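The block underneath contains the structure these notes are about, expressed in structure tokens.
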Amino acid sequence: MVQYVMFRGVVRKLKKERLFREIRNRESRQGRAVRIDGRDFLNFSSNDYLGLASDGELIDHTLEILRRFGVGSGSSRLLAGGTSIHAELERTAAFFKDTEDAVVFNSGYTANTGAIPALMEKGDALFSDELNHASIIDGCRLSGAKRFVYHHCDIDELRNLIRKSDARRKMVVTDTVFSMDGDIAPLREIYDLCRDEGAALYLDDAHGTGVLGRGRGALEHFGLEAKDFVIQMGTLSKAIGSFGAFIAADGNVIDCLINRARTLIYSTALPPVAAAYGLTAMKKIMTDGGRTAKLWANIETAHKGFDMMGISKGESSVQIIPVIFESVEEASDLAAYLYEKAIYAPVIRPPSVKKPRIRISITASHTEDDIHILLGAVGEYFEKKG
Ligand SMILES: *Cc1c(COP(=O)(O)O)cnc(C)c1O
126 MVQYVMFRGV VRKLKKERLF REIRNRESRQ GRAVRIDGRD FLNFSSNDYL GLASDGELID
186 HTLEILRRFG VGSGSSRLLA GGTSIHAELE RTAAFFKDTE DAVVFNSGYT ANTGAIPALM
246 EKGDALFSDE LNHASIIDGC RLSGAKRFVY HHCDIDELRN LIRKSDARRK MVVTDTVFSM
306 DGDIAPLREI YDLCRDEGAA LYLDDAHGTG VLGRGRGALE HFGLEAKDFV IQMGTLSKAI
366 GSFGAFIAAD GNVIDCLINR ARTLIYSTAL PPVAAAYGLT AMKKIMTDGG RTAKLWANIE
426 TAHKGFDMMG ISKGESSVQI IPVIFESVEE ASDLAAYLYE KAIYAPVIRP PSVKKPRIRI
486 SITASHTEDD IHILLGAVGE YFEKKG
């Protein structure tokens, strides 16, 4: 009874403010179409950007690994949890991101919350974009370093903050593609600034990996070299279609992570099936650019459609397209309209974002018709509303 009273108020308040969230489960594979509550929907809310999460060839290959290695890893990477698959994934990730070394983490969330505190501590300074992912915010908090949050992509403010700081060590942390707005950080300027000021640069390439730079990610997109001051986090959970993450960087950085990252040391290793699926998908992205090219064709169709209808999509230039509203009610109204039309694109509510929105994710598995159906429905909605 005590619990009931303790938490009832929290739930009530969330409901009253229309910020209450509920989990919806699908009854099908991830993909362009999903079945929810017995109904088939066109899915525009997946981070499976290349449609690799349900790829037949990858599934067949992974079944062999599953039979050979079983499911559970049994212990931490530092004990007996790792396999030759983990090692090959790390070599491949380092090659993919053009770095000396790499290490696998169990998710993007635990990569950021483990790596940032392993690298930075009290007396150091972290510079973080205000729209960075929650896992970066948490990682920065856990580190004990002094935190400086700069306005979104404000390079002048960032420069001033770095120059004013007399911290022992400095590190800039940024999303490459911002997860809720679909805009890209000005990486060339940030990269030059970090190099000139002797700061490390930690890039969260969760939404750039598999998408930008012919799949290799944000650095490749900008033609920047993975020099030793750059640390790249990539996830296996989005375009790569599996689960898990990796950090690719200079060998010293990786050794530091293996010895100090608590989310790596004190957690059971990623199951070899997830590692194998990610590994095979990563190789596929490197050897066959077809899916990334298809994704970009779809992105172009979607952006053109929004532009032609005069519907704002903020600063987005990639596969993540936000339709932003002032209130949760308005955003929910569009989501409900789309849901009626069998289009799945739910509301993203505060505090995940400041302004509520429908976050549309375009993928390579969508057909051109799928995109036109989405555009038609969104256009119709705004027409009806006047
Ligand atoms: C999704 C995401 C993460 C977390 O990755 P998971 O593998 O889902 O834990 C981290 N950073 C960014 C920018 C993300 O979008």
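Residue numbers (the working numbering): 126 to 511.
Glycine included, every Cβ here is placed at the ideal spot set by N, Cα and C.
Quick caveat: nothing in here was measured; it's all calculated off a predicted structure.
Could you pull the start and end residues of the alpha helix (DSSP H) that residue i belongs to?
i, result
"residue 411", "397-412"
"residue 241", "233-244"
"residue 177", "No alpha helix (DSSP H) contains residue 177, which DSSP labels as neither H nor E."
"residue 223", "Here residue 223 belongs to no alpha helix (DSSP H), and DSSP marks it neither H nor E."
"residue 495", "493-510"
"residue 164", "That residue, residue 164, is in no alpha helix (DSSP H); its beta strand (DSSP E) goes 164-168."
"residue 308", "Neither: residue 308 is in no alpha helix (DSSP H) and is coded neither H nor E."
Using only CA atoms, which one of the options lies nearest to residue i?
i, options, result
"residue 326", "255, 260, 509, 244", "244"
"residue 270", "262, 279, 211", "262"
"residue 504", "258, 433, 285", "433"
"residue 203", "152, 384, 259", "384"
"residue 322", "209, 290, 338", "290"
"residue 482", "188, 305, 293, 282", "305"
"residue 152", "411, 437, 162, 135", "162"
"residue 182", "168, 406, 475", "406"
"residue 386", "228, 149, 292, 150", "228"
"residue 310", "283, 292, 293", "283"
"residue 190", "416, 353, 404, 455", "404"
"residue 238", "429, 382, 500", "382"
"residue 164", "176, 177, 150, 170", "150"
"residue 168", "285, 344, 470", "470"
"residue 506", "465, 473, 491, 477", "465"
"residue 345", "312, 353, 354", "312"
"residue 156", "173, 140, 340, 454", "173"
"residue 489", "463, 415, 480, 508", "415"
"residue 380", "187, 422, 240, 142", "240"
"residue 340", "364, 224, 318, 272", "364"
"residue 146", "495, 502, 499, 453", "453"
"residue 500", "510, 468, 472, 480", "468"
Is any heavy atom of ligand 1 found at a distance shorter than 6 Å from the C-beta of residue i?
i, result
"residue 300", "yes"
"residue 415", "no"
"residue 260", "yes"
"residue 263", "no"
"residue 399", "no"
"residue 308", "no"
"residue 174", "no"
"residue 327", "no"
"residue 370", "yes"
"residue 366", "no"
"residue 511", "no"
"residue 238", "no"
"residue 233", "yes"
"residue 331", "yes"
"residue 187", "no"
"residue 170", "no"
"residue 488", "no"
"residue 441", "no"
"residue 477", "no"
"residue 360", "yes"
"residue 392", "no"
"residue 268", "no"
"residue 304", "yes"
For ligand 2, is there any heavy atom lying closer than 6 Å to the beta carbon of residue i?
i, result
"residue 254", "Inclusion of ligand 2 in the displayed structure is not the case, the ligand content consisting of ligand 1 alone."
Counting along the chain, where does the beta strand (DSSP E) carrying residue i start and finish?
i, result
"residue 482", "482-486"
"residue 230", "226-230"
"residue 159", "158-161"
"residue 325", "325-329"
*Can you check the region 249-300 for any alpha helix (DSSP H) of at least 4 residues that lies completely inside it and give the ranges in chain order?*
259-268, 280-289
*Mind pulling the beta strand (DSSP E) runs of 3 or more residues that sit fully within the region 408-460?*
445-449
*At a cut of 8 Å, does the region 217-226 reach the region 249-257 through at least three beta carbon pairs?*
Between the region 217-226 and the region 249-257 there are fewer than three inter-stretch CB-CB distances shorter than 8 Å, so the stretches are not counted as touching.
*What residue ranges within the region 333-396 form continuous alpha helix (DSSP H) runs of no fewer than 4 residues, ordered along the chain?*
343-347, 376-385, 387-390
*Is the region 364-380 touching the region 225-242 in the sense that three or more CB pairs, one from each, lie closer than 8 Å?*
yes
*How do the region 332-351 and the region 437-456 stand: do at least 3 beta-carbon pairs fall below 8 Å, yes or no?*
Taking a cut-off of 8 Å on C-beta distances, the region 332-351 touches the region 437-456, as three or more cross pairs fall below it.
_Check whether the region 385-395 and the region 189-200 touch, using three or more Cβ-Cβ pairs below 8 Å as the test._
yes
_I'd like to know if the region 353-360 and the region 372-383 are in contact, where contact means that at least 3 CB-CB pairs between them fall below 8 Å._
yes
*Can we say the region 207-216 touches the region 398-414, given the rule of at least three CB pairs closer than 8 Å?*
These segments touch.
_3 or more residues per run - each beta strand (DSSP E) lying fully within the region 187-211_ = none
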